[in-house]
Amino acid sequence: MKISEVTIQDLKEFAHEYSEDPEVDRVFTNNLIACKSYIKGYTGLTDEQMDSKEDLTIVLFILSNELYDNRTFTVQNDKMNPVIKSILDMHSVNLL
36 MKISEVTIQD
46 LKEFAHEYSE
56 DPEVDRVFTN
66 NLIACKSYIK
76 GYTGLTDEQM
86 DSKEDLTIVL
96 FILSNELYDN
106 RTFTVQNDKM
116 NPVIKSILDM
126 HSVNLL
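When the letters of the sequence shown are read in order and numbered with our numbering, they come out as residues 36 to 131.
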């Protein structure tokens, strides 16, 4: 399956979320957009290049599931969630 073919229904099934609640759909819609953007930003690939690498699709599923399972921002043992840290680091313009 190509990344461009993934739907929110696919992500919901992977997460074992079978609710038809519009709020849940909104969360998965946001996850889909955010995860595609994360993969694109991390790899530097274009949409077409991402589609040619079908192994990236599982990354999309796992990232979305991680975001859904951990919807709260927490810091444990002085360690920030690595996904959050990575996203923030990618967009940081004030590095010393």
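All C-beta atoms in this analysis are idealised placements derived from N, C-alpha and C, irrespective of residue type, glycine included.
(request) Tell me whether residue 65 is buried or exposed, calling it buried when 16 or more other Cβ atoms sit within 10 Å of its Cβ. (result) exposed
(message) Cutting at 6 Å between CB atoms, please list the residues of its own chain near residue 63, excluding the five before and the five after it.
(response) 43, 46, 47
(message) Tell me whether the segment 46-60 and the segment 83-101 touch, counting them as touching only if at least three CB pairs, one residue from each stretch, are closer than 8 Å.
(response) yes
(message) Going by DSSP in three states, residue 71 sits in which element: helix, strand or coil?
(response) helix
(request) Taking all protein chains shown into account, decide if residue 120 is buried (16 or more other Cβ within 10 angstroms of its Cβ) or exposed. (result) exposed
(request) Report, in whole angstroms, the separation of the C-beta atoms of residue 92 and residue 38, which I expect to be a contact under 8 Å. (result) 5 Å
(request) Please classify residue 53: is it buried, with 16 or more other beta-carbons within 10 angstroms of its beta-carbon, or exposed? (result) exposed
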